[in-house]
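Residue numbering for the sequence shown follows the numbering used here, beginning at 4 and increasing consecutively.
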Amino acid sequence: MTDSANDRKIKVEHFQNLIAVALSDGVLDEEEKEFLNERASEIGFPQDEVNRIIENAGELEFLIPMNKIDREDQLGDAVYMTMVDGEIHEKEYNLCLRLAEKLELDKNYLDHIIDLSQKLSNS
């Protein structure tokens, strides 16, 4: 697989994982949709591909990235998405904690990411 094809595969997996996290509570609210659309635009996904992934979200399988930087990026995006309303609720925290565990990252790292996200949202 070429580097560009591998990069695209990683981006697709990352985006699918974000959708899986967003839909974990059974609802994809407007703020989550807006965030997902922004991320899709940043990584160059056309809207029809985004819609197709969302439509097939029930079939998504969470994929663990191979390297630590990608795992950290995914957790950071998940934390950001859960905090779009300015805070992280207990259910969302527990979801992020389970995600961190799946990504082989510890609770201290999650708490650090949440703290940074809160500081950024308050600035």
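In this text, a Cβ means the ideal position worked out from N, Cα and C, and glycines have one as well.
Close Cβ partners of M84 (< 7 Å) along its chain, the five nearest in sequence each way excluded: L21, V24, A25, E35, F38
M86 - DSSP class collapsed to helix/strand/coil: coil
Exposed unless 16 or more other CB atoms sit within 10 angstroms - verdict on A43: buried
Rounded Cβ spacing between F18 and I56 (contact assumed at less than 8 Å): 7 Å
Where E107 sits in the DSSP three-state scheme: coil
First through last residue of the alpha helix (DSSP H) which encompasses D51: 50-58
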